[in-house]
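Participant: So that we are looking at the same thing, I have put the structure below in structure tokens.
Residue numbers (the UniProt record's numbering): 1 to 712.
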């Protein structure tokens with residue numbers, strides 16, 4: 001007999017569901033708990049004995065242990081002059097130590113670099129050299145040489161970034177940028193920052209301990225970089241820090257520090273991602289004088305003025321053909337033209353970093369000129385979500401922008417969570433085709449093209465479209481006895497295949513949240529069919545917590561950072577494995593635990609859902625889930641049919657065919673009989689209106705006709 005149970009039997013015990021609910025709420029991304037942003041911490045055995053470098057967590061624990069205990073009830077101590085002098089001396093010594101440490105850059109041996117990179121599952125490869133060797137393959141020896149190329153991986157082990165303090169000490173970043181990073185709370189680098197920042201800031205220092213580094217060539221002018229890292233792993237900070245740092249050093253050495261030359265272009269696929277990058281960049285460039293602008297329609301840049309001066313004769317000839325030659329003869333008209341030129345010069349945007357979508361900047365380069373404009377001052381071209389930017393949808397525009405940057409010191413970087421082999425080959429060929437190509441290094445974090453391991457993935461069969469609607473309503477109103485895994489609580493995102501389905505789902509769920517909790521204002525739909533102001537307003541309200549459920553299309557699937565999103569619902573099956581990786585990556589950002597990704601699939605989706613199931617299975621293996629812990633079992637993978645290449649292409653480009661048109665796939669809770677009844681009623685009303693209209697027309701015709709008399 002348990003004596004504690006006997007003594008506490010008169011006490012009212014809390015319900016089991018409430019206890020578990022409170023525990024789950026504490027681990028949700030929206031709880032705001034500080035987590036370790038690093039995803040992987042594998043233990044790698046050392047080949048050089050048992051000596052191991054202390055990790056960041058051990059150092060922080062020691063620092064916490066050394067803190068003195070505070071007695072809150074002790075009387076206040078009066079500082080003596082000696083104690084104040086000692087405090088000042090210790091502070092001065094600390095400053096001197098920082099200055100001394102900033103002069104010395106401690107480098108790790110190559111073997112220790114390899115261990116650290118392996119423990120964080122980082123793999124760096126020299127791509128340009130591999131491509132040169134692979135291009136020499138002949139038809140007769142295709143198989144034999146292909147095997148040799150695979151064996152020669154050209155793997156690199158550069159210096160890793162142990163902490164953000166090393167950016168100041170080892171890599172000599174601008175002091176103001178280092179202070180802004182400290183104020184933003186950056187301490188422990190993520191995996192992609194750990195491997196990318198040393199190569200992008202000081203490649204000659206990062207690759208100094210690499211054996212046979214003569215194959216890399218001259219890296220003092222920088223390297224081209226391709227990063228494949230999980231969603232929410234800090235890629236934006238990884239490419240913003242080098243871009244801002246180079247501009248800060250350039251402004252320090254220049255005489256005119258107020259001059260703003262376009263030095264870096266960042267290309268992103270969507271408007272929401274563009275202005276998110278602008279906000280992050282402005283935080284890092286605070287009080288530095290560096291201007292970061294997001295491109296909008298009608299923006300003009302200083303480069304355009306140079307092009308107009310060069311091609312002014314051609315434009316004047318065109319104006320004469322249109323009848324503008326008379327204006328050039330009159331002095332008054334010349335004065336008016338000079339005034340309009342001054343107005344135009346005032347509207348020119350002067351910026352150091354431009355963030356844009358490919359279509360907007362491509363239109364600027366090709367508009368109102370016979371020859372494409374060039375931007376020779378640009379020394380850094382950054383492609384965020386590079387796989388979609390180099391897809392057929394944006395490929396022509398992106399490559400045109402790349403070719404419009406003729407500066408020989410141009411550094412190009414590519415960033416994404418997914419990167420197909422065909423896009424990788426395209427990047428390598430385009431990079432080698434440039435007159436001054438740099439070494440191209442690829443960084444892969446974890447398993448390539450897989451979802452983040454800290455998110456719980458669920459694959460739910462709903463049979464029909466009505467089953468999806470019922471399943472989504474169960475997520476909105478969960479029951480206490482549901483033990484199927486972590487709960488999905490607002491705020492969360494719902495992804496649909498088309499704009500029509502997003503708006504229909506919003507109308508269907510509008511009144512599912514009670515008025516006491518906010519009612520219809522808690523649900524909204526965001527898609528490309530809305531105006532820019534409406535989209536910006538919805539994003540602001542969602543970030544502020546006014547909107548709990550945001551229904552959207554793939555316009556928000558890539559890059560957009562929502563730190564407090566608790567989950568993602570794929571109401572419609574994503575069109576590819578890459579689309580699933582990016583959708584599921586909207587939750588679980590920066591290593592936050594408790595995120596949930598739910599995918600509904602119907603009978604129509606069975607031929608295509610195996611691609612999603614394979615991604616989930618790979619993510620769960622990466623997280624160490626086996627057997628019954630895994631949400632996608634082996635029997636399900638064996639039962640689902642394989643997806644052919646043609647079907648993959650169809651669903652990636654157009655989605656599931658059953659949802660492209662109205663009918664059985666319509667989002668509605670009404671029965672078929674009720675919909676038919678409503679359609680008949682609407683049809684009868686429309687027919688009655690037509691009948692009345694025809695009767696009025698016949699009556700008017702009879703009234704206007706001449707009277708022919710009475711027939712005999």
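Positions of the beta carbon are idealized from the N, C-alpha and C atoms, including for glycine.
Is the number of C-beta pairs between the region 408–416 and the region 287–299 that are closer than 8 angstroms three or more?
Facilitator: Because the criterion of three Cβ pairs below 8 angstroms is not met, the region 408–416 and the region 287–299 do not touch.
Participant: Helix, strand or coil: which one does DSSP assign to residue 570?
Facilitator: Strand.
Participant: Return the residue from the list 390, 613, 540 and 262 that minimises the CA-CA distance to residue 355.
Facilitator: It is 262 whose Cα lies nearest to the Cα of residue 355.
Participant: Using CA atoms only, rank isn't needed, just tell me which of 167, 620, 192 and 160 is closest to residue 226.
Facilitator: Considering only alpha carbons, the answer is 192.
Participant: What residue range does the alpha helix (DSSP H) around residue 111 cover?
Facilitator: That run of the alpha helix (DSSP H) goes 110–119.
Participant: Please confirm whether residue 125 and residue 167 have their CB atoms less than 8 angstroms apart.
Facilitator: The answer is no: Cβ separation not under 8 angstroms.
Participant: Pull up the DSSP beta-bridge partners for residue 415, would you.
Facilitator: Its beta-bridge partners are 227 and 384.
Participant: Between the Cα of residue 27 and the Cα atoms of 264, 487 and 122, which residue gives the shortest distance?
Facilitator: The shortest Cα separation from residue 27 among 264, 487 and 122 belongs to 487.
Participant: Can you name the residues that DSSP bridges to residue 300?
Facilitator: Paired residues: 348.
Participant: Looking at the structure shown, is residue 648 part of a helix, part of a strand, or coil, going by DSSP?
Facilitator: Helix, per DSSP.
Participant: To which residues of the same chain is residue 461 closer than 7 angstroms at the C-beta, ignoring the five residues directly before and after it?
Facilitator: 601, listed in sequence order.
Participant: Under the DSSP definition of a beta bridge, which residues are partnered with residue 39?
Facilitator: DSSP lists no partner for residue 39.
Participant: Helix, strand or coil for residue 265 per DSSP?
Facilitator: Of the three classes helix, strand and coil, the one that applies to residue 265 here is strand, per DSSP.
Participant: What does the Cβ neighbour count give for residue 182, buried or exposed, with the cut at 16 atoms within 10 Å?
Facilitator: Exposed, since its Cβ has fewer than 16 Cβ neighbours within 10 Å.
Participant: Does residue 185 pass the burial test, meaning 16 or more other C-beta atoms within 10 Å, or should it be called exposed?
Facilitator: Residue 185 comes out exposed.
Participant: Name the DSSP bridge partner or partners of residue 440?
Facilitator: According to DSSP, residue 440 bridges with 224.
Participant: According to DSSP, residue 686 sits in a beta bridge with which residue or residues?
Facilitator: Looking at the DSSP assignment, residue 686 forms no beta bridge with any residue, so it has no partner.
Participant: Suppose you measure from the CA of residue 568 to the CA of residue 636; what does that come to, to the nearest Å?
Facilitator: Distance between the alpha carbons of residue 568 and residue 636: 22 angstroms.
Participant: Report the three-state DSSP secondary structure of residue 260 (helix, strand or coil).
Facilitator: Three-state result, residue 260: coil.
Participant: To the nearest angstrom, how far is it from the Cα of residue 648 to the Cα of residue 619?
Facilitator: Distance between the alpha carbons of residue 648 and residue 619 is about 21 angstroms.
Participant: By the DSSP assignment, the alpha helix (DSSP H) with residue 597 in it spans what residues?
Facilitator: Where residue 597 is concerned, there is no enclosing alpha helix (DSSP H), although the beta strand (DSSP E) it sits in stretches over 595–602.
Participant: DSSP state of residue 145, grouped into three classes?
Facilitator: Only weak support is given to the placement of residue 145: the predicted model assigns it a pLDDT of 47, under 50, and the value that follows is read from those uncertain coordinates. In the structure shown, residue 145 sits in a helix (DSSP, three-state: H, G or I).
Participant: Tell me whether residue 401 sits in a helix, a strand or coil according to DSSP, three-state version.
Facilitator: Helix, per DSSP.
Participant: Rank 242, 179 and 171 by C-alpha distance to the C-alpha of residue 207 and give the top, closest one.
Facilitator: Out of 242, 179 and 171, 171 has the C-alpha closest to the C-alpha of residue 207.
Participant: State buried or exposed for residue 316, treating a residue as buried only when at least 16 other CB atoms are found within 10 Å of its CB.
Facilitator: For residue 316, the pLDDT reaches just 42, beneath the cut-off of 50, and the residue's location in the model is therefore unreliable, leaving the point undetermined.
Participant: With a CB to CB cut of under 8 angstroms and the five nearest residues on each side skipped, what residues in its chain are close to residue 63?
Facilitator: Note that residue 63 scores a pLDDT of 44, beneath 50, so its modelled location is shaky and nothing firm can be said.
Participant: Exposed or buried, what is residue 613 when buried is set at 16 or more other beta-carbons lying within 10 Å of its beta-carbon?
Facilitator: Residue 613 comes out buried.
Participant: Looking at the unbroken beta strand (DSSP E) that takes in residue 667, where does it start and where does it end?
Facilitator: Note, residue 667: premise wrong, no beta strand (DSSP E); not H, not E.
Participant: How is residue 294 classed by DSSP in three states: helix, strand or coil?
Facilitator: Reduced to three states, the DSSP call for residue 294 is strand.
Participant: Any beta carbon of chain C sitting closer than 8 angstroms to that of residue 296?
Facilitator: This model lacks chain C altogether, as it is built from one protein chain only.
Participant: Could you have a look at residue 67 and say whether DSSP puts it in helix, strand or coil?
Facilitator: For residue 67, the predicted structure reports a pLDDT of 44, less than 50, and the residue's modelled location is therefore unreliable. The matter cannot be settled from this model.
Participant: Taking all protein chains shown into account, do 16 or more other C-beta atoms lie within 10 angstroms of the C-beta of residue 33, making it buried, or fewer, making it exposed?
Facilitator: Counting Cβ neighbours within 10 Å, residue 33 comes out exposed, since fewer than 16 surround it.
Participant: For residue 660, tell me which candidate among 428, 700, 497 and 594 has the shortest Cα-Cα distance.
Facilitator: Checking every option, the nearest Cα to that of residue 660 belongs to 497.
Participant: In whole angstroms, what is the alpha-carbon distance linking residue 453 and residue 211?
Facilitator: Distance between the alpha carbons of residue 453 and residue 211 is about 33 angstroms.
Participant: Is the distance from the Cβ of residue 489 to the Cβ of residue 270 below 8 angstroms?
Facilitator: Taking 8 angstroms as the Cβ cut-off, residue 489 and residue 270 do not qualify as a contacting pair.
Participant: Pick helix, strand or coil for residue 474, following the three-state DSSP scheme.
Facilitator: Residue state, collapsed to three classes: helix.
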